[in-house]
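In the working numbering, the protein residues as written are 386 to 597.
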C-alpha cells in the first residue's frame with residue numbers, strides 16, 4: 386500500500402519524517418522530494434532494501450543507485466580514497482544537485498552500485514530529503530522515483546500514477562513541486578581529469594570553476 390504524507394517543503398513535520406524514517410530503518414521504501422526530482426529511497430547499507438528499489442521500478446540491476454548523504458561528514462562512510470579536489474568541490478557545491486562518482490567503500494553493498502566498485506554520491510539541497518536522511522541514521526540510496534521508462538517525477542501525483550496498480554508497501558512524502566525539475570549533474574572523479582557523465586543544473590562554466 387502506498388501511504389501519502391503531505392509535508393511542508395521548507396519546514397516539514399517531524400512526525401511525518403519520523404514515520405518515513407522508520408520505513409527506511411526496517412528495510413522498506415520511501416519516495417521523497419529532492420531539489421531535482423523525487424527519489425525512491427532505501428537504506429544504502431541494506432542490500433535487500435536496495436533490491437526492493439530495483440524491483441519496484443523495474444530497473445535493470447546493473448544501473449547504479451545514487452547514495453544521498455545529509456552532510457559532507459557522511460561522505461567517508463560510503464566512499465574511500467577520496468581525492469583532495471573532491472573535498473574542495475563538496476565544500477562549495479553541497480548540498481546541491483551535483484553527484485560525484487567515487488571509489489566504493491566495502492561497507493556499501495554492490496546491490497546499491499549495480500555491481501560496480503564505484504559509488505555515486507550527493508547531498509540533496511532539500512529540507513525534506515536532508516531531514517529524512519538524518520532521522521533514518523543512514524545514507525539513503527535512491528534513483529528517481531518513476532517506473533523505469535517513465536519521466537522523472539517532479540510532483541507526488543506522478544508517483545501515485547506510476548504505482549497505482551502496484552501492491553508495494555511504501556511511503557510517499559508529498560512536498561509539492563521539486564525545485565529544479567531535472568536530474569543532478571554527474572561527474573566521475575575516479576578519472577583524471579574528471580569526466581562529465583550527465584549534464585544537469587550545474588553548467589560547464591560552474592563545473593570548471595569548481596574543479597579548477
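Beta carbons are placed, not taken as given, at the ideal position from N, Cα and C, and that holds for glycine. Every value quoted in this text rests on a predicted model; they were computed, and no experiment measured them.
How far does the alpha helix (DSSP H) with residue i in it extend, from its first residue to its last?
| i | result |
| --- | --- |
| residue 469 | 469-478 |
| residue 596 | 589-596 |
| residue 391 | Residue 391 -> not in any alpha helix (DSSP H); beta strand (DSSP E) instead, spanning 387-391. |
| residue 460 | 460-463 |
If you drop the 5 nearest sequence neighbours on each side, which residues of the same chain put their C-beta closer than 8 Å to that of residue i?
| i | result |
| --- | --- |
| residue 562 | 539 and 540 |
Could you pull the start and end residues of the beta strand (DSSP E) that residue i belongs to?
| i | result |
| --- | --- |
| residue 607 | Beyond the ends of the chain as shown, which are 386 and 597, falls residue 607; an answer cannot be given. |
| residue 434 | Run containing residue 434: none in the beta strand (DSSP E); it sits in the alpha helix (DSSP H), 432-442. |
| residue 547 | Careful: residue 547 lies outside any beta strand (DSSP E), inside the alpha helix (DSSP H) at 541-548. |
| residue 580 | 580-583 |
| residue 573 | 570-573 |
| residue 486 | 483-488 |
Got a sec? Which residues, its chain only, sit under 7 Å from residue i by beta carbon, not counting five neighbours each side?
| i | result |
| --- | --- |
| residue 420 | 482, 509, 510, 511, 563, 564 and 565 |
| residue 459 | 524 |
| residue 398 | 392 |
| residue 433 | 412 |
For the putative contact between residue i and residue j, defined by C-beta atoms under 8 Å, what is the C-beta separation to the nearest angstrom?
| i | j | result |
| --- | --- | --- |
| residue 534 | residue 447 | Actually they are not in contact, since the Cβ atoms of residue 534 and residue 447 sit about 16 Å apart, beyond 8 Å. |
| residue 559 | residue 392 | 7 Å |
| residue 474 | residue 596 | 6 Å |
| residue 425 | residue 528 | 6 Å |
| residue 544 | residue 530 | 5 Å |
| residue 514 | residue 418 | 6 Å |
| residue 492 | residue 462 | 7 Å |
| residue 487 | residue 507 | In fact, because the Cβ distance is near 11 Å, the residues do not count as touching under 8 Å. |
What residues match up with residue i in a beta bridge as DSSP calls it?
| i | result |
| --- | --- |
| residue 564 | According to DSSP, which records beta bridges pairwise, residue 564 is partnered with nothing at all. |
| residue 453 | 507 and 525 |
| residue 423 | 418 |
| residue 559 | 391 |
| residue 403 | None; residue 403 has no bridge partner. |
| residue 428 | 525 |
Spatial neighbours of residue i within its chain, please: CB distance less than 6 Å, with the 5 preceding and 5 following residues excluded, ordered by chain position.
| i | result |
| --- | --- |
| residue 332 | This structure cannot settle anything about residue 332, because the visible part of the chain is limited to 386 through 597. |
| residue 580 | 573 |
| residue 389 | 557 and 559 |
| residue 502 | 489 |
| residue 498 | 449, 489 and 504 |
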